[in-house]
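*Asks:*
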Amino acid sequence: MGRLRRSRTHRAQRDVHRASRTRARTKDLDQIQLIDLDPKNRAKLEAQALDFEKPGLAQHYCVECAKYFETDSALTSHWRSKVHKRRCKQLKEPAYTIEEAERAAGLGREGKRTSGAANGAHNELGAETRVMMEVEVSESN
Ligand SMILES: [Zn+2]
1 MGRLRRSRTH RAQRDVHRAS RTRARTKDLD QIQLIDLDPK NRAKLEAQAL DFEKPGLAQH
61 YCVECAKYFE TDSALTSHWR SKVHKRRCKQ LKEPAYTIEE AERAAGLGRE GKRTSGAANG
121 AHNELGAETR VMMEVEVSES N
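Just so we're aligned, residue 1 is where the sequence shown starts under full-length UniProt numbering, counting upward by one.
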């Protein structure tokens with residue numbers, strides 16, 4: 001009788017479904033970068049009203065990680081932790097914008113597909129469209 005079981009049947013079982021779950025969904029990095037890290041929004045988030053639905057009555061909130069903590073000491077130890085530092089590093093990188101997604105899909109606003117011309121046009125457009133996007137975002141809130 002041959003072998004009943006192959007070797008190497010165990011693979012790294014990464015939970016790919018976890019990323020698509022909505023139960024514990026937190027904000028996306030670009031939302032945090034463009035909205036929450038703005039000083040006035042940040043102050044608002046750090047001084048939230050008592051909310052009985054949220055952990056710790058919404059009194060201990062980490063803006064970078066979009067996460068509530070039960071106690072003040074939990075929050076301060078979180079600030080010293082690896083997850084938080086890694087998150088801060090990720091947030092320092094430029095946000096993934098709609099403009100960038102369109103450019104990647106070849107749907108730039110100038111409608112040119114030649115890469116050289118498109119790059120030049122984007123440099124001019126970049127700052128302007130980013131400001132426009134921020135305005136749209138803050139109006140929707
Ligand atoms: Zn954090």
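Just so you know, even glycine gets a beta-carbon here, dropped at the ideal spot from N, CA and C.
1. Would you call the CB atoms of Ala66 and Lys40 closer than 7 Å?
2. Which stretch, first to last residue, makes up the alpha helix (DSSP H) that contains Lys40?
3. Considering Cα atoms alone, identify which of Ile35, Ser77, Thr97 is closest to Leu45.
4. Check each residue's C-beta against every heavy atom of ligand 1 and list, in chain order, those closer than 7 Å.
5. Give me whichever residues DSSP pairs with Asp69 in a beta bridge.
6. If we ignore side chains and look at the alpha-carbon of each, how far apart do Ala105 and Asp38 end up?
7. Can you give the Cα-Cα distance for Gly2 and Cys88, rounded to whole angstroms?
8. Can you tell me the Cβ-Cβ gap for His84 and Thr71, rounded? I've got them flagged as a contact below 8 Å.
*Replies:* So, from the listed chains and residues:
1. No. Outside cutoff.
2. It spans 39 to 46 - the alpha helix (DSSP H) in which Lys40 sits, taken as one unbroken run.
3. Leu45 has its Cα closest to that of Ile35, out of Ile35, Ser77, Thr97.
4. A Cβ closer than 7 Å to some heavy atom of ligand 1 marks a residue here, and those residues are Cys62, Glu64, Cys65, Lys67, His78, Trp79, Val83, His84, Arg87.
5. Note that residue 69 corresponds to Phe in the displayed sequence, not to Asp. The beta-bridge partner set that DSSP reports for Phe69 consists of His60.
6. Those two C-alpha atoms are separated by around 29 Å.
7. Straight through space, the alpha carbons of Cys88 and Gly2 are spaced by roughly 54 Å.
8. With a Cβ gap of about 16 Å, His84 and Thr71 do not count as contacting.
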